[in-house]
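S.K.:
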Amino acid sequence: MDNKDKKNNRRNFLRNGLTMGGSMLAMGMGPAIAKDSSGEGKSSGEKIKVLTTDGKVIEVDKPKDDCKIDPCEPPKGNAARQGIPGRSFVMVIDLAKCKNARKCIEGCQKGHNLSPDQEWLNVYLMKDHDDAEPYWFPRQCFHCDIPPCVKVCPVGATYKRQDNIVLVDSNRCIGCKFCMAACPYSVRIFNWEKPPESDVPPEDYSPEASVPAQIGTVSKCDFCPDRSREGKLPYCASGCPMGAIYFGDKNEDAVSNGTETLRFRQLIKDRVGYRYLDELGTEPNVYYLPPVERMFDYKSGLNDLPEEKQEVYKDIIDGENNKNN
Amino acid sequence: MENSSDLMKKLARNLETPSRQWYIWVIILSAIVLFGVYALIRQIQEGQIITGMRDNAVWGIYTANFIFFMGLSYAGALVSCSFQLLRIQWAKPLLRMAELITVSTLIVGAPYILFCLGRLDRIHYLFMYGRIQSPITWDVIAISTDLVFCAAFLYFTHIRDFAKLRDLEGLKVAKWRKKLYAILALNYRGTPLQKKYLHQAHDIMAAIIIPTAVIAYSLLSWLFGMSLKPGWHSTIFGPYFVVTAAYSGIALLIIIMWLYRKSRKLEDYITNKHFNYMAFGLVLLTMAYGYFTFSEYITDWYNQTSQMSALLGKFTDMSQYGALQSFHVLFTMFVPLIIIGLPWFRSINSITLVSLFIVIALWVKRYLIVVPPLETPFIPIQDVRPEYVQYSMSWVEITLTVSGLALIVLIFTIASKIAPIIPVAEIEDVEDTAKPIIRFQTKGV
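Quick mapping for you: the protein sequence lines, in order, are chains V and D.
Residue numbering for the first sequence follows the numbering used here, beginning at 1 and increasing consecutively.
Residue numbering for the second sequence follows the numbering used here, beginning at 1 and increasing consecutively.
Quick look at the structure:
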C-alpha cells in the first residue's frame, strides 16, 4: 500500500498534465465517459468541469482515481490500433545516470510476465571509439515514426499508432520474424517456446498490455500504454533506481522519471539529446542524453554481474585495461 | 534417323510396369520424405525452440533452402522457355528435364519459407490480412504465379506425348494408365488447328514465364535487399540473384542429364554435344557470377564502413565463415573456369562433377547470405547464450532439408515413369516448331 501511495505521487504529474491538456481531451473523452457511466463502475460518480475547444464549460463524470485516460481498460483487438488521442509518447534516457543496475529489465520482465531470458529492454555496454570511455546503454523499442518492422509485416500484426506507439497484436502475428530481421535495433524477441503461465486469461489479451504472450509470435517493448491509462510510468522508468529513464508526452512537452518532471524540448536542447542510429531515417521516439559528467564509473555496473555475463563485455573491458597500462 | 513410332516405342519401354528395384527406390525416398513430415510435426508441436533459429539469427537454413530451390527452378525458365522461343533444335531432348526441375523445385522450395513461420495455423492470415507493402506478400504472389505458369507449360509440352502414348499399341501398362493418358491427352489428334493452338500456347507460356521468373527471383532478393541490414541492403541483389539462379539451374540440369543418360541409357539423345553446349553456358555464367560477386564485395570492402568490416571480417576469419566462403569462392569461380574453361580436363564426367560442386557451393553462398548478416546486427550482440550469438542448424532443419531433396528425386522418379524424359513429339515434329517468330517480308527488296 505504501508503494501505491508513492506511485500516486508520481501520477500527479500525469494528472496535472491531464487537467491542463484536459480541456483538449475532454472533447473526445466526454462522450466516452458518458457512455461508460451507464455501464458498471468505470466512473467515480463525481462530476468535474472541463473546457471544450470551442470555449464552453461542460460537466462530465470524473474518472475513478486509478484511471487517468479514459477508457481505463486497454482496448482489445483492432480497437488497440487507434492509439490514445492527443498523445505523442516519448522517452528520454539519461546515459549519465545509468549504472547497469538492471532494475528496468527486472521490472519490465515482471510486469509483462516474461521469462528471465526474455529481454524487451537490454542494457548494452557501448564504446564509441578507441579513446571514448565505455558507457551503459539501455535500449528498448524506439517506437519509430518510420518503423521498418511495420513496413515489412505481411499481415499487419505490428502497427504504428497515432500516439507514437508501435504495437504487436499476438493474435494476428504469424511468426514469420521478418520484423525481427528488419529492425535495425535488434529490439524484437520471439517466443521460441511456450511462454510462462499468466494469470491473465487469453480472452482478456490486449496488445497494449501484451499479456499473455503466445508461442510462435513476436513480442517487444510496448511503451506500457496500459500503465499510462492508469497514470503510471512504464515499468522500466518506474523501476530505475537512478531515475535515468524519463517518459512523457511530446504534446505536453513534459517527461518524468517519477521524481522530477522536465520540459522535453528544453531538456533535449540543453543536454544535446540525440537518437541512436538516427541516420537510418527511422525517426525514433527514444532520445538519449550523452553520458557526460557521469554519476558513476562504468565499472561499477560490472560488480554485481555473474561472471558469464561479464565475459560478453570482454572485448571492451580488455581494450580499456590495455589502454590504461 | 529412326522413324517416329520407333522412338516412342523405345522410350516407352521405360514407362512399362515398374520393376521391384523401382518400388524399393520409391519406398526409400518416401520414407525420407515421411521422416521430414515427422520432423515438421514435431516442430509444430514443440515450437521453433527445436530448430537452431534464435533471436539474432531469426532465419536459418530454411530460408537458405528457400532461395536455393527457387534458384534451381531457373533451369526451366531459362533453358526450356528461351530455347522454345529461339527455336533451338539441338536442345530439344533437354527441355523436359529442365521443366521438371522448375516445377519440382518450385513445389519443394516454396514451403521452406512457411517452415520459418512460428504459427503455421495462421497461414490463411496471409490472404485475410495480406499487406501488399510487405516483400513476403510479393513473394507469395510471385512464386505462386510462377508455379502456375511453369506447371501449365510443363503440361502443355506433355500433351502431344500423352497422345502418342495413348495411340501406341503394345504398351504394357496398367489399364488405368492407358485411361489416364487418354484423359491427359485432351483428345489431341494432331489436326492442323490443334497443332497451331498448342504451338501458340507453348510460345505464349514461354514468353510469359521468362519475365515472370526474373520478377519472382528479383522480388525474392528484395526480401533481403529492402532491409537496412549491412550485407543485405544492396542494390545489386536483384540481378545478382537472377544470375545466381540461372547458374545453379544450369548446373543442376547438367547433373540430371548425366543421371538419366547413365540410368536410362540415353546416350543417343543426350550427347556429347549437349554437355559441351551446356558447359559453355556454364562457363559464361561462371564469369557473370564471378563478376557480380566481385562487384558486391569490392565496393563494401573498399568503403570499410564499420558494419561491413565486421561482416567481411567474419568471411575472412577461418574460425568463423572463412572456410565456407573459401569453398564457395573456389567452386563457383575458379574450379569451373579451370576444369571446364580449359580444354584439357573437359569430359562429361568432369563437367558433371564440377556442376555438382557448383550446386553445393551455391547452397553455401545462400547460407552465407542469410546467416552471417543476421549475426552481425548494428547493436553488438551481448548475450551469454551461445546459441543466440551463433546459429547452428538442428536435426529438424537438416531432416527437412534432406527430405526436400528426396522429394525432388521422388517427383523425378514418378514423373519420368509417367511420360518419357525425352520429349518425343518435340524431337519428331521438328517442322512444326521450327517456324520463325517473325515473318520477314521478302517482297520489294
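Every residue, glycine too, gets a C-beta built ideally from N, C-alpha and C.
All values derive from a computational prediction rather than experimental measurement.
Would a check of beta-carbon distances place V58 (chain D) closer than 9 Å to chain V?
M.R.: Taking the first residue of the second sequence as 1, we reach residue 58 (chain D) at position 58. True, the Cβ-Cβ gap to chain V drops below 9 Å.
S.K.: Does any residue of chain V bring its CB to less than 9 Å from the CB of V402 (chain D)?
M.R.: Within the second sequence, the letter at position 402 stands for residue 402 (chain D). No, its Cβ sits nowhere closer than 9 Å to a Cβ of chain V.
S.K.: The segment 372 to 397 of chain D: which residues have C-beta closer than 8 Å to a C-beta of chain V, in chain order?
M.R.: Taking 8 Å as the Cβ-Cβ cut-off against chain V, the residues of the segment 372 to 397 of chain D that qualify are L374, P377, F378, I379, P380, I381, Q382, D383, V384, R385.
S.K.: So, is the C-beta of L302 (chain V) closer than 9 Å to a C-beta in chain D?
M.R.: The sequence position of residue 302 (chain V) within the first sequence is 302, counting from 1. It does not: the Cβ of L302 (chain V) has no partner Cβ on chain D nearer than 9 Å.
S.K.: DSSP has K49 (chain V) in a bridge; who is on the other side?
M.R.: Counting from one through the first sequence, the residue named residue 49 (chain V) turns up at place 49. Beta-bridge pairing links K49 (chain V) to V:E59.
S.K.: Since I believe F149 (chain D) is in contact with T212 (chain D) (beta carbons under 8 Å), could you give me their beta-carbon distance rounded to a whole number of angstroms?
M.R.: For the purposes of this step, residue 212 (chain D) is taken as the residue at position 212 of the second sequence. For the purposes of this step, residue 149 (chain D) is taken as the residue at position 149 of the second sequence. Confirmed, about 6 Å.
S.K.: So F35 (chain D) and T399 (chain D) are supposed to be a Cβ contact under 8 Å. How far apart are they, rounded?
M.R.: Along the second sequence, read from residue 1 onward, the residue named residue 35 (chain D) stands at position 35. Along the second sequence, read from residue 1 onward, the residue named residue 399 (chain D) stands at position 399. At roughly 6 Å, the Cβ-Cβ gap stays under 8 Å, so F35 (chain D) and T399 (chain D) are in contact.
S.K.: Return yes when the Cβ of I189 (chain V) is within less than 9 Å of the Cβ of W120 (chain V), no when it is not.
M.R.: To locate residue 120 (chain V), count along the first sequence from 1; it is residue 120. To locate residue 189 (chain V), count along the first sequence from 1; it is residue 189. Taking 9 Å as the Cβ cut-off, W120 (chain V) and I189 (chain V) qualify as a contacting pair.
S.K.: I'd like the list of long-range same chain contacts for L11 (chain D), defined as Cβ closer than 7 Å, with 5 residues on each side in sequence excluded.
M.R.: Stepping through the second sequence from its first residue, residue 11 (chain D) is reached at position 11. Around L11 (chain D): P420, I422, V424.
S.K.: I want to know whether the segment 22 to 35 of chain D touches the segment 154 to 164 of chain V - three or more CB-CB distances under 8 Å.
M.R.: The segment 22 to 35 of chain D is not in contact with the segment 154 to 164 of chain V.
S.K.: Mind checking which residues open and close the alpha helix (DSSP H) that includes D139 (chain D)?
M.R.: As a position in the second sequence, residue 139 (chain D) is number 139, starting the count at 1. Taken as a continuous stretch (DSSP letters only), the alpha helix (DSSP H) holding D139 (chain D) covers 135 to 167.
S.K.: Whose Cβ in chain V lies nearer than 7 Å to the Cβ of Y125 (chain D)?
M.R.: By 1-based counting over the second sequence, the position of residue 125 (chain D) is 125. By Cβ distance, chain V contributes V155, R172, I174.
S.K.: Just verifying my parser: in three-state terms, what is the DSSP assignment at V384 (chain D)?
M.R.: As a working note, residue 384 (chain D) is residue 384 in the second sequence. DSSP places V384 (chain D) in coil when its eight states are reduced to three.
S.K.: Just confirm the distance between the C-beta atoms of P148 (chain V) and T282 (chain V), as a whole number of angstroms; I'd bet it's less than 8 Å.
M.R.: The residue given as residue 148 (chain V) occupies position 148 in the first sequence. The residue given as residue 282 (chain V) occupies position 282 in the first sequence. That pair is a contact at about 6 Å.
S.K.: Can you give me the start and stop residues for the beta strand (DSSP E) that P138 (chain V) sits inside?
M.R.: Along the first sequence, read from residue 1 onward, the residue named residue 138 (chain V) stands at position 138. Where P138 (chain V) is concerned, the enclosing beta strand (DSSP E) stretches over 135 to 139.
S.K.: Here's a check: name, in chain order, each residue in its chain whose Cβ is nearer than 6 Å to the Cβ of W290 (chain D), leaving out the five neighbours to either side.
M.R.: Against the second sequence, residue 290 (chain D) aligns to sequence position 290. In the sequence under discussion, the amino acid at residue 290 (chain D) is Gly, which differs from the Trp named in the question. So the qualifying residues of the chain are M333.
S.K.: Is the segment 97 to 110 of chain D touching the segment 279 to 289 of chain D in the sense that three or more CB pairs, one from each, lie closer than 8 Å?
M.R.: No: fewer than three Cβ pairs fall under 8 Å.
S.K.: Which same chain residues, not among the five before or five after I236 (chain D), have their C-beta less than 8 Å away from its C-beta?
M.R.: In the second sequence, residue 236 (chain D) corresponds to position 236, counting from 1. Once the five neighbours on either side are set aside, the close Cβ partners of I236 (chain D) are F292, S295, E296.
S.K.: How would you call Y197 (chain D), buried or exposed, if buried means at least 16 neighbouring beta carbons within 10 angstroms?
M.R.: Within the second sequence, residue 197 (chain D) is the residue found at index 197, counting from 1. Classification for Y197 (chain D): exposed.
S.K.: Report the three-state DSSP secondary structure of R263 (chain V) (helix, strand or coil).
M.R.: Residue 263 (chain V) sits at position 263 when you count from the first residue of the first sequence. In the structure shown, R263 (chain V) sits in a strand (DSSP, three-state: E or B).
S.K.: So for V218 (chain V), helix, strand or coil by DSSP?
M.R.: Residue mapping note: residue 218 (chain V) aligns to position 218 of the first sequence, counting from 1. Three-state result, V218 (chain V): strand.
S.K.: Which residues in chain D sit within 8 Å of M180 (chain V), going by Cβ to Cβ distance?
M.R.: On the first sequence, residue 180 (chain V) is found 180 positions in, with the first residue counted as 1. The contacting residues are D55, V58.
S.K.: Measuring CB to CB, does V286 (chain V) end up less than 9 Å from Q140 (chain V)?
M.R.: For the purposes of this step, residue 286 (chain V) is taken as residue 286 along the first sequence, with counting starting at 1. For the purposes of this step, residue 140 (chain V) is taken as residue 140 along the first sequence, with counting starting at 1. Cβ atoms of V286 (chain V) and Q140 (chain V): closer than 9 Å.
S.K.: Which residue spans inside the segment 160 to 213 of chain V form an unbroken alpha helix (DSSP H) run of at least 4?
M.R.: Segments of the alpha helix (DSSP H) lying fully in the segment 160 to 213 of chain V: 178 to 182.
S.K.: Would you say M295 (chain V) and A101 (chain V) are within 9 Å of each other, going by their C-beta atoms?
M.R.: The sequence position of residue 295 (chain V) within the first sequence is 295, counting from 1. The sequence position of residue 101 (chain V) within the first sequence is 101, counting from 1. Cβ atoms of M295 (chain V) and A101 (chain V): not closer than 9 Å.
S.K.: List, in chain order, every chain V residue whose beta-carbon is nearer than 7 Å to that of I49 (chain D).
M.R.: Numbered from 1 along the second sequence, position 49 holds the residue referred to as residue 49 (chain D). Within 7 Å Cβ-Cβ: W192, E193.
S.K.: Let me check you understand the geometry: is the CB of A80 (chain V) closer than 8 Å to at least one non-hydrogen atom of the ligand GDP?
M.R.: This structure does not include the ligand GDP; it has no bound ligands of any sort.
S.K.: Against chain V, which members of the segment 248 to 282 of chain D pass a CB distance test of less than 7 Å?
M.R.: The residues in question: there are none.
S.K.: By alpha-carbon positions, which one of V:L302, V:V272, V:S115, V:A182 ends up nearest to P195 (chain V)?
M.R.: Within the first sequence, numbered from 1, the residue matching residue 195 (chain V) stands at position 195. Answer by Cα proximity: V:S115.
S.K.: Can you tell me which of the three DSSP states N14 (chain D) falls into?
M.R.: To locate residue 14 (chain D), count along the second sequence from 1; it is residue 14. N14 (chain D) falls in the helix class under three-state DSSP.
S.K.: Alpha carbon to alpha carbon, how far is I250 (chain D) from I210 (chain D)?
M.R.: Here residue 250 (chain D) is taken as the residue at index 250 of the second sequence, counted from 1. Here residue 210 (chain D) is taken as the residue at index 210 of the second sequence, counted from 1. The alpha-carbon atoms of I250 (chain D) and I210 (chain D) are separated by roughly 15 Å.
S.K.: With burial defined as no fewer than 16 other Cβ atoms inside 10 Å of the residue's Cβ, what is the status of D268 (chain D): buried or exposed?
M.R.: By 1-based counting over the second sequence, the position of residue 268 (chain D) is 268. The residue is exposed, with fewer than 16 neighbouring Cβ atoms inside 10 Å.
S.K.: Return the chain-ordered list of same chain residues with a C-beta closer than 6 Å to the C-beta of S300 (chain V), the five sequence neighbours on each side being excluded.
M.R.: By 1-based counting over the first sequence, the position of residue 300 (chain V) is 300. Taken in chain order, the residues that qualify are K99.
S.K.: Specify the secondary structure class of D121 (chain D) as computed by DSSP and reduced to three states.
M.R.: Position 121 of the second sequence, counting from 1, holds the residue named residue 121 (chain D). Of the three classes helix, strand and coil, the one that applies to D121 (chain D) here is helix, per DSSP.
S.K.: Using the three-state DSSP reduction, which class does L326 (chain V) fall into: helix, strand or coil?
M.R.: Beyond the ends of chain V as shown, which are 1 and 325, falls residue 326 (chain V); an answer cannot be given.
S.K.: With 9 Å set as the bound, which would you pick, yes or no: does the beta-carbon of I245 (chain V) sit closer than that to a beta-carbon of chain D?
M.R.: By one-based count along the first sequence, residue 245 (chain V) stands at place 245. No, I245 (chain V) lies away from the interface with chain D (no Cβ there is under 9 Å from its Cβ).
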